[in-house]
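Undergrad: In the numbering used here, the protein residues as written are 458 to 629.
Dropping the structure in here first, questions after.
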Amino acid sequence: AKGYEKQYGSGSIQPYGAIYSHGFRYGNYISLVRNEYISLNLQDNWVTVYSSDITEDRCYKLGQDKPLKIEDIFKDSTTWKYLVAPIIAKNAQSYFGPTVTLNSDSLLRMSTDLLDYCTGFNIAGDSLYLNYSPPADFMYRYLPSDLEVPAGYYFAGQVLFEDIGCENLKIF
């Protein structure tokens, strides 16, 4: 905040922060979610000059101390990306809509590579919720540079069990 006060004037910055966490049980699995939000705003009009939003998801099997890796919940841990990547690619195409033509091979490659940056997941309702931490320019390696992509949106926050195929998951 001190660096921003040098730029905007002493006493001009209003910090705000919040930490939210919750957990829930899904059969023999426990999902824990933690969200940390920090912002610095101009005090007179609340214009945001800095913000950070970090979500951390962890999933545990009952009786185990270490968080699971996403591949741990698939019956075949070597092919999970082949099941999930096409779903992400389809979500990406749906997100941009029919007026934007995207190369389907590039979308599938992007989706597969994105899964390498999966930092955690949780199980909730009828879905897996995934978190990612790719490099800042990640999506523009695959998508047209003139395409406007909201920061931090990676098309695959939610993946339905139905789309994966329940028969491919150990949790059922």
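The beta-carbon is built from N, C-alpha and C at its ideal position, and this holds for glycine as well.
Using DSSP with H/G/I as helix, E/B as strand and the rest coil, what is N548?
TA: Three-state DSSP puts N548 in a helix.
Undergrad: Measure the Cβ-Cβ separation of A546 and S568 and say whether it is below 7 Å.
TA: It is a contact, given that the beta carbons lie within the stated cut-off.
Undergrad: Is G460 helix, strand or coil when you go by DSSP?
TA: G460: helix per DSSP, three-state reduction.
Undergrad: Do L585 and F578 have their beta-carbon atoms positioned less than 7 Å apart in this structure?
TA: Going by C-beta atoms, F578 is nearer than 7 Å to L585.
Undergrad: In whole angstroms, what is the alpha-carbon distance linking E493 and Q471?
TA: Those two C-alpha atoms are separated by around 17 Å.
Undergrad: CB-CB under 6 Å to L519, same chain, minus the five flanking residues each way: which ones, in chain order?
TA: Once the five neighbours on either side are set aside, the close Cβ partners of L519 are N485.
Undergrad: Which parts of the stretch 464 to 525 are runs of the alpha helix (DSSP H), unbroken and 4 residues or longer, counting only runs that do not cross its ends?
TA: As far as the stretch 464 to 525 is concerned, it has no whole alpha helix (DSSP H) run of at least 4 residues.
Undergrad: With burial defined as no fewer than 16 other Cβ atoms inside 10 Å of the residue's Cβ, what is the status of Y459: buried or exposed?
TA: The displayed chain sequence assigns Lys, not Tyr, to residue 459. The residue is exposed, with fewer than 16 neighbouring Cβ atoms inside 10 Å.
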